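Notes for the one structure printed next.
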Amino acid sequence: MKLDTLKYGFDPATMPVDPVADYWSPEVTSDLQEQDWARAEVRSRVDLEAWQTFTADLPRDPYVNRRWKRMSWLTLDERGEAYDMGHCPMAQGGAFNDAESMADRLRYYDPLTPEFMARPDVKAFVRAWARLWDLKPNEPILMQITGVRGEGMVDPLQGQGIHADGCKALSILVLNRHNVAGGDNHLYADKAGTRPLVDTTLAPGDILHLRDDRLYHSVDGIHQQDVEEPFERFIIIINSRFVDEFQNRILRRHFPDAVLNETC
1 MKLDTLKYGF
11 DPATMPVDPV
21 ADYWSPEVTS
31 DLQEQDWARA
41 EVRSRVDLEA
51 WQTFTADLPR
61 DPYVNRRWKR
71 MSWLTLDERG
81 EAYDMGHCPM
91 AQGGAFNDAE
101 SMADRLRYYD
111 PLTPEFMARP
121 DVKAFVRAWA
131 RLWDLKPNEP
141 ILMQITGVRG
151 EGMVDPLQGQ
161 GIHADGCKAL
171 SILVLNRHNV
181 AGGDNHLYAD
191 KAGTRPLVDT
201 TLAPGDILHL
211 RDDRLYHSVD
221 GIHQQDVEEP
231 FERFIIIINS
241 RFVDEFQNRI
251 LRRHFPDAVL
261 NETC
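Each residue of the sequence shown is one higher than the one before, starting from 1 at the first, in our numbering.
Below, the structure is given as structure tokens:
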């Protein structure tokens, strides 16, 4: 097992006593402060190969064709440990998601599995992500494993185009990318896309952090490099501090004591 994890850049013996203390390089924090986005990697911090196995049993997304997904609402306790808050649907108002299949709807998904959430490297990742954004106890964190697989061409955003997710803290981590052409990420200073900021292709283990309330993002359509076999691209999306009033209303309904970023 150690040889396998070393092959993917992960060696538990090299992990610090506090795996959160130096999780992100100083450049990540400074880049977020200076340009509202930062690119980093976590393949040296997690067992990426093990994480990839959790894409195999994802249920089909009932609202989006050719997509698979699980999601859970997490938060930190007073000791800074992450735990599952329980059930709450995902909700995005039309101001942030103008795709007909998703806007202004409550969407219900199966939760992330207990086996995934019990992993020490998953817990450390959530804690480190919360520390990066200076999240406090009882602030809801939405964590998703989602992605697409198949043949031909697919729009992973299902018509959203250039958009924001309706939050202040957002990160996108690529879990796997097999036989994929396209799927490149783009950041913009405006929704019209007239002020492009960066174009980047995330490899498995790469993560893109962005201040979603200040920037807009998109991802290109995906098709096969080799037409003889299907493609597959799965990601983790983790975000918090919602500015979407629709989502905050639903969060308040399900978690009365949660600390929300309410705007009204």
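Backbone N, C-alpha and C fix where the C-beta goes; we use that ideal spot for every residue, glycine too.
It should be emphasised that the depicted structure is a prediction, and the values quoted were computed from it without experimental measurement.
Residue j and residue i - do their beta-carbons sit closer together than 8 Å?
i, j, result
"leucine 109", "lysine 69", "The question names leucine, but residue 109 in the sequence shown is tyrosine. Cβ atoms of tyrosine 109 and lysine 69: closer than 8 Å."
"isoleucine 237", "isoleucine 141", "no"
"threonine 53", "glutamate 139", "no"
"valine 198", "tryptophan 24", "no"
"histidine 223", "methionine 153", "yes"
"arginine 67", "valine 148", "yes"
"phenylalanine 255", "methionine 85", "yes"
"valine 219", "glycine 183", "yes"
"aspartate 155", "glycine 221", "yes"
"glutamate 229", "asparagine 248", "no"
Any Cβ of chain C within less than 8 Å of the Cβ of residue i?
i, result
"tryptophan 68", "Protein chains in the displayed structure number just one, and chain C is not present."
Starting from residue i, trace the alpha helix (DSSP H) both ways and give me its first and last residue.
i, result
"aspartate 31", "26-35"
"alanine 128", "120-132"
"histidine 254", "245-254"
"glutamate 115", "114-117"
Using DSSP's beta-bridge definition, name the partner residues of residue i.
i, result
"methionine 90", "Arg107"
"threonine 75", "Tyr83"
"lysine 69", "Thr146"
"alanine 169", "Ser240"
"aspartate 206", "Glu41"
Just verifying my parser: in three-state terms, what is the DSSP assignment at residue i?
i, result
"leucine 58", "coil"
"alanine 189", "coil"
"tyrosine 8", "Low confidence applies here, because tyrosine 8 scores a pLDDT of 44, under 50, leaving its location unreliable and the question unanswered by this model."
"threonine 200", "strand"
"leucine 260", "coil"
"methionine 1", "At methionine 1 the pLDDT is 39, less than 50, meaning the model places this residue with poor confidence and gives no usable figure here."
"asparagine 138", "coil"
"arginine 177", "strand"
"valine 64", "coil"
"valine 227", "coil"
What residue does the beta strand (DSSP E) around residue i start on, and which one ends it?
i, result
"asparagine 239", "231-242"
"glutamine 224", "222-224"
"leucine 48", "Element bounds for leucine 48: not the beta strand (DSSP E) but the alpha helix (DSSP H), 48-52."
"tyrosine 216", "216-219"
"alanine 181", "180-182"
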